[in-house]
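A.B. asks: Heads up: the sequence shown is residues 1 to 642, going by the UniProt record's numbering. Quick reminder that beta carbons are idealized off the backbone N, C-alpha and C, glycines included.
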Amino acid sequence: MLDFFTIFSKGGLVLWCFQGVRGPAATAPVNALIRSVLLQERGGNNSFTHEALTLKYKLDNQFELVFVVGFQKILTLTYVDKLIDDVHKEFRDKYRNEFQQKGALGLLNGTFDFKDDFMRLLRDAEDSSKVRAPTVMKTFEQSLKSQKTVKCMIETRGEKPKEKVKNKKNKGSKKDGTEAVAAPSKVSAADKQLSAAGDKEELTKDEILQKNREEFFRRHMKAGEKSSRSPKPDTQKEKGKKPRVWDLGNSNAKVLDYSNSATNGSAEACPVEEFDPDMALGDKNREPGRLYDLEYESDDEAEEEKVVQNPSKPSVKKGGLGGMFGMLKGLVGSKSLTRDDMDPVLEKMKDHLIAKNVAAEIAVQLCESVAKKLEGKVMGTFTTVTSTVKQALQEALVQILQPQRRVDVLRDVMDAQRHRRPYVVTFCGVNGVGKSTNLAKISFWLIENGFSVLIAACDTFRAGAVEQLRTHTRRLNALHPPESHGGRTMVQLYEKGYGKDAAGIAMEAISYARNQGFDVVLVDTAGRMQDNAPLMTALAKLIAVNAPDLVLFVGEALVGNEAVDQLVKFNKALADHSMAQTPRLIDGIVLTKFDTIDDKVGAAISMTYITSKPIVFVGTGQTYCDLRSLNAKAVVAALMKA
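(1) Looking at the structure shown, is ASP599 part of a helix, part of a strand, or coil, going by DSSP?
(2) Is it right to say ASP340 is buried, meaning 16 or more other beta carbons lie within 10 angstroms of its own, or is it exposed?
(3) Name the one or two DSSP bridge partners that TRP16 has.
(4) Check whether the Cβ atoms of VAL466 and GLU508 sit closer than 7 angstroms, and answer yes or no.
(5) Does the structure place the stretch 599-618 close enough to the stretch 544-560 that three or more beta carbon pairs sit under 8 angstroms?
(6) Might you give, ordered along the chain, the residues of its own chain that have their beta carbon closer than 7 angstroms to the beta carbon of LYS633, omitting 5 neighbours on each side?
(7) Helix, strand or coil for GLU556, going by three-state DSSP, please let me know.
(8) Would DSSP call ALA26 helix, strand or coil?
(9) With distances taken Cα to Cα, identify the nearest neighbour of LEU366 among ALA573, ALA392, VAL378 and MET379.
(10) In the DSSP output, which residue or residues are listed as bridge partners for CYS428?
(11) Are at least three pairs of beta-carbons, each pair with one atom in the stretch 473-485 and one in the stretch 517-533, less than 8 angstroms apart?
(12) Please report the straight-line C-alpha distance between ASP626 and LEU479, rounded to a whole angstrom.
(13) Classify VAL308: buried if its beta carbon has 16 or more other beta carbons within 10 angstroms, exposed otherwise.
(14) With respect to the beta strand (DSSP E) encompassing PHE67, which residues constitute its N-terminal and C-terminal limits?
(15) Of all the options ILE400, GLN417, VAL491 and GLY497, which has the alpha carbon lying nearest to the alpha carbon of SER443?
(16) DSSP three-state call for PHE617: helix, strand or coil?
(17) From which residue to which residue does the alpha helix (DSSP H) around VAL466 run?
(18) Which word fits PHE216, buried or exposed, when buried means at least 16 other C-beta atoms lie within 10 angstroms of its C-beta?
(19) What span of residues does the alpha helix (DSSP H) with GLN566 cover, start to end?
(20) Check whether the stretch 381-390 and the stretch 351-358 are in contact - that is, three or more C-beta pairs closer than 8 angstroms.
(21) Residues in the same chain with beta-carbon distance under 8 angstroms from GLY289, minus the five sequence neighbours each way, listed in chain order, please.
(22) Tell me, please, whether the CB atom of THR383 is closer than 7 angstroms to any CB atom in chain C?
(23) Name the residue from TYR609, PRO548, GLU562 and GLY602 whose alpha carbon lies nearest to the alpha carbon of residue 655.
(24) Go ahead and pull the three-state DSSP assignment for residue 706.
(25) Apart from the five residues on each side of it in sequence, which residues of its chain come closer than 7 angstroms, Cβ to Cβ, to LEU77?
(26) Name the one or two DSSP bridge partners that HIS50 has.
(27) Out of curiosity, what's the CA-to-CA distance linking PRO29 and SER578?
(28) If ALA506 and CYS458 are in contact, beta carbons under 8 angstroms, what's the gap, nearest whole angstrom?
(29) When DSSP labels each residue in this structure, what does TYR79 get in the three-state scheme?
(30) On the DSSP letters alone, give me the boundaries of the alpha helix (DSSP H) that ASP412 sits inside.
(31) For ASP81, which of LEU121, LEU454 and ASN97 has the nearest alpha-carbon?
(32) Is DSSP giving ALA359 helix, strand or coil here?
(33) Buried or exposed: which applies to ASN97, given that a residue is buried once 16 or more other Cβ atoms fall within 10 Å of its Cβ?
(34) Check for me: the beta strand (DSSP E) holding ASP116 runs from which residue to which?
(35) Does DSSP put GLN394 in a helix, in a strand, or in coil?
(36) When burial is assigned at 16 or more other CB atoms within 10 Å of the CB, is LEU209 buried or exposed?
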């Protein structure tokens with residue numbers, strides 16, 4: 001039983017609608033489909049789930065129409081795909097002239113009486129799914145056993161079956177090359193023994209005995225030669241280990257001895273570290289507090305044109321008209337694009353995306369979405385299929401990277417200030433992606449914008465995690481001393497050591513920040529793999545108990561297919577282990593190590609596509625100023641670079 005079937009234009013005008021059951025209108029699920037799939041260029045899959053409904057859709061790019069059918073997701077309706085194809089074909093054929101002659105006015109002023117046709121197609125589709133041919137059992141004549149003769153089934157004693165001989169041959173082929181080389185010699189030796197056995201009948205016993213002795217001595221002489229050939233080591237290795245001496249190392253062991261410098265990680269016992277502020281800040285000409293956009297220097301268009309035109313030059317020289325027709329071969333003039341036209345180009349685009357570190361599954365879905373968007377679309381004269389597909393793919397990638405909801409951290413912090421409470425940000429991610437380092441960068445950016453920061457050391461598992469944050473806190477206080485801010489400490493570390501409950505430390509830190517008047521609380525958590533159920537349960541508990549304003553997933557730009565697995569399982573774990581009815585999931589992404597990948601920027605596409613969450617910050621270096629905001633056009637330019 002269908003809930004609804006609707007036909008509307010891409011401009012948003014509903015042409016015809018069928019309501020199957022009494023209940024809520026189709027407005028909410030269709031609007032969700034438009035927002036989440038059609039506008040976001042996520043049309044790789046023709047189905048979409050909204051609450052308790054499953055929606056399937058089909059695009060008509062020639063007349064700019066969308067066909068959508070909705071039904072309960074607990075039902076398995078096998079005829080839906082056939083129905084939507086039949087309705088699409090019937091509706092096009094019935095109102096083709098009206099669309100072609102009147103255009104947009106035909107949609108506005110036209111009347112589409114399609115109910116009788118739809119009910120007929122629905123009955124046909126339902127009947128076709130019910131009528132199934134009964135499965136017929138094979139007869140003996142159709143089986144393979146009937147083709148065997150009685151003779152091939154009889155096994156004589158002493159004769160090996162053919163299958164076993166084949167298996168032995170296969171096993172022998174897998175052995176080392178030395179054994180394969182030795183095999184012919186064994187066969188020749190066996191032949192010699194057979195021939196010798198025939199000669200023994202003619203020879204006397206004394207001659208046979210003398211011949212066996214000669215063969216025995218010959219074998220032992222060969223074995224002695226082989227053993228003498230093996231070289232013996234002149235000198236034996238000395239037993240025991242020697243300490244390795246590094247060329248650039250420090251020979252003075254006292255310089256490297258830190259055993260008595262600190263006790264139990266107390267801040268008072270740690271020596272004050274001296275460092276160069278210019279190295280920590282990086283760019284001297286930067287504007288304090290500004291988050292610069294990510295930049296990418298693309299090649300000139302002239303160079304790209306040269307690369308495209310070079311292969312066609314020899315063909316022009318060989319034959320004038322032949323070369324000209326060769327250049328015009330890929331041009332399309334006023335005809336609709338078919339899937340066969342786009343498949344070769346899409347296959348190359350898919351391989352290109354995978355080579356740029358886009359997850360394979362995401363690359364396939366992107367190309368499928370572009371194919372559905374362009375299939376049936378009428379192209380203009382002197383427009384190549386390659387350029388059309390490439391332009392559509394670029395538009396889709398830019399649309400994916402532009403978030404549905406922009407995360408403005410500074411605006412949200414000021415809003416929390418008005419309510420006299422701290423703004424809480426929780427960082428999570430797998431091991432070694434740079435959570436603590438980028439937390440320090442974000443702290444520096446917030447301090448330069450005039451906000452005080454409390455860092456909560458909730459990584460109570462990794463050795464050195466608290467000391468790392470303590471070092472960052474000392475450096476940030478050295479760069480922004482209290483004297484420069486009216487005696488106010490701009491950054492402080494809240495830590496309780498190791499082996500404690502992370503959720504409890506975060507709760508105490510938030511309460512401390514509220515009492516002391518801190519503007520922002522940055523919660524650092526331990527790195528954990530997405531498959532570790534106990535640690536994911538602890539993370540879900542921390543987020544559910546403390547209800548942070550922003551949950552950021554920290555992921556590195558070096559990953560490919562792993563990015564999809566990490567984000568999907570992190571979100572799933574947060575949803576499964578949360579006790580709330582509406583669990584708190586990841587709100588944004590921090591993309592780290594972006595300076596190490598050159599133009600292989602596919603991880604940004606994979607992460608935003610799979611979660612529909614924005615990339616809030618991009619880490620690009622080792623200094624506190626190496627923090628950028630994502631520039632979608634720059635990332636797409638790097639991604640499409642040949």
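C.D. replies: A quick look at the data gives this:
(1) coil
(2) exposed
(3) ILE7
(4) No, they are not a contact pair.
(5) yes
(6) Around LYS633: VAL398.
(7) strand
(8) coil
(9) Each of ALA573, ALA392, VAL378 and MET379 was checked against the Cα of LEU366, and the nearest Cα belongs to ALA392.
(10) PHE553
(11) no
(12) 16 angstroms
(13) In this prediction, VAL308 scores a pLDDT of 40, lower than 50, which makes its location untrustworthy; the coordinate-derived value is nonetheless stated afterwards. Counting Cβ neighbours within 10 Å, VAL308 comes out exposed, since fewer than 16 surround it.
(14) 65-72
(15) In this structure, VAL491 is the residue among ILE400, GLN417, VAL491 and GLY497 with its C-alpha nearest to the C-alpha of SER443.
(16) The answer is strand: DSSP assigns PHE617 an E or B state.
(17) First-last of the alpha helix (DSSP H) with VAL466: 465-479.
(18) exposed
(19) Secondary structure note for GLN566: its alpha helix (DSSP H) is the uninterrupted segment 561-577.
(20) no
(21) When the five nearest sequence neighbours on each side are left out, the beta carbons in the same chain lying within less than 8 angstroms of the beta carbon of GLY289 are those of TRP445, GLU448, ASN449 and GLY450, in order along the chain.
(22) Among the chains of the structure shown, chain C does not appear; only one protein chain is present.
(23) Past the edges of the chain, shown from 1 to 642, lies residue 655, and the structure says nothing about it.
(24) Nothing about residue 706 can be reported from this structure: the residues present for the chain run from 1 to 642 only.
(25) PHE71
(26) Paired residue(s): LEU53.
(27) 26 angstroms
(28) 5 angstroms
(29) coil
(30) 409-418
(31) LEU121
(32) coil
(33) Looking at its Cβ environment, which holds fewer than 16 other Cβ atoms inside 10 Å, ASN97 is exposed.
(34) Premise fails: ASP116 lies in the alpha helix (DSSP H), 115-130, not in any beta strand (DSSP E).
(35) helix
(36) exposed
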